[in-house]
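First up is the structure itself, then whatever we jot down about it.
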Amino acid sequence: AQKVTQAQTEISVVEKEDVTLDCVYETRDTTYYLFWYKQPPSGELVFLIRRNSFDEQNEISGRYSWNFQKSTSSFNFTITASQVVDSAVYFCALSEANFNKFYFGSGTKLNVKP
Amino acid sequence: GAGVSQSPSNKVTEKGKDVELRCDPISGHTALYWYRQSLGQGLEFLIYFQGNSAPDKSGLPSDRFSAERTGGSVSTLTIQRTQQEDSAVYLCASSPGLAGDYEQYFGPGTRLTVT
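In order, the protein sequence lines correspond to chains A and B. Residue 1 is where the first sequence starts when you use my numbering, and the numbers rise one by one after that. Residue 115 is where the second sequence starts when you use my numbering, and the numbers rise one by one after that.
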């Protein structure tokens, strides 16, 4: 069965610190997709990134970077030089190959203090 | 452009009553998802619609829950004989549903409180 685990319930950092949000997944599928979403205090989830199971290249987008390692079934998310605006709940998710069902982790609440 | 909209934004109902939650997806999006988010929890998949195909209802928690999508656009999630454990935020998302483009766009959610 598919499962996504975000072991960090809440993380607090001071502005400008780097922070890594962990995501571990379980699936028996060979083709699957991994996602990260941000849910700011306003409530609406915002898509950040999608990765397919055949692409293990790390990705960097500005201050955000993602490390996908199939060997450890992990898809970790790092924010470099965090800012107060990064404060939100971040969700990692897994979808089956045909995108008919998504499995979300329980989320990590990130607090960035000035 | 217009995003995914949901109504009502808040709903308070008495235990045992039926409720209907509405989702207006982004125009042209063929895929539509319903999720439930309980306080402090992740999103729980409920149901998925893709075009005219039969919906994937495998996430519905009980037969009190049902959903339909009329004309491939607007969707309604119905909860019959509501229970207190149904209290949650119900989120709807749509996506283009095209090969290579399954990014989900989420609505603001409906906060349901069952008293």
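Just so it is clear, CB atoms sit at the ideal spot from N, CA and C, and this is done for glycine as well.
Verify the CB distance criterion: does residue i have a CB-CB separation below 9 Å to chain A?
| i | result |
| --- | --- |
| A207(B) | yes |
| L153(B) | no |
| A145(B) | yes |
| R201(B) | At residue 201(B) the sequence reads Ser, which differs from the Arg that was named. By this cut-off, S201(B) is not an interface position. |
| Y204(B) | no |
| L157(B) | yes |
| D138(B) | no |
| G223(B) | yes |
Once DSSP output is grouped into helix, strand and coil, what is the label at residue i?
| i | result |
| --- | --- |
| V84(A) | helix |
| K171(B) | coil |
| Q218(B) | coil |
| S201(B) | coil |
| T72(A) | helix |
| T184(B) | helix |
| L45(A) | coil |
| V133(B) | strand |
| D18(A) | coil |
| E108(A) | Strictly speaking, residue 108(A) in this sequence is Thr, with Glu absent from that position. Looking at T108(A) - three-state DSSP - the assignment turns out to be strand. |
| N67(A) | strand |
| E128(B) | coil |
| A116(B) | coil |
| Q194(B) | coil |
| N58(A) | coil |
Whole-angstrom Cβ separation of residue i and residue j, contact assumed at under 8 Å?
| i | j | result |
| --- | --- | --- |
| Y90(A) | K38(A) | 6 Å |
| C142(A) | N76(A) | Past the edges of chain A, shown from 1 to 114, lies residue 142(A), and the structure says nothing about it. |
| K131(B) | L226(B) | Going by Cβ atoms, the distance from K131(B) to L226(B) rounds to 11 Å, so no, they are not a contact pair. |
| S98(B) | R183(B) | Outside the displayed range of chain B (115 to 229) lies residue 98(B), so it cannot be described from this structure. |
| K109(A) | T9(A) | 7 Å |
| Q151(B) | A202(B) | 6 Å |
Verify whether the separation of the beta carbon atoms of residue i and residue j is less than 9 Å.
| i | j | result |
| --- | --- | --- |
| C92(A) | Q6(A) | yes |
| A181(B) | L160(B) | yes |
| Y204(B) | Y147(B) | no |
| E56(A) | S65(A) | no |
| L135(B) | L174(B) | no |
| T144(B) | G117(B) | no |
| V19(A) | F220(B) | no |
Looking at the C-beta of residue i, does it have a partner C-beta in chain B at a distance below 9 Å?
| i | result |
| --- | --- |
| N67(A) | no |
| E59(A) | no |
| F75(A) | no |
| F102(A) | yes |
| R28(A) | no |
| Q8(A) | no |
| F54(A) | no |
| A88(A) | no |
| A1(A) | no |
| L110(A) | no |
| V24(A) | no |
Less than 8 Å between C-beta atoms, sequence neighbours within five positions excluded: which residues of the same chain meet that for residue i?
| i | result |
| --- | --- |
| S74(A) | D22, C23, V24, Y25, N67 and F68 |
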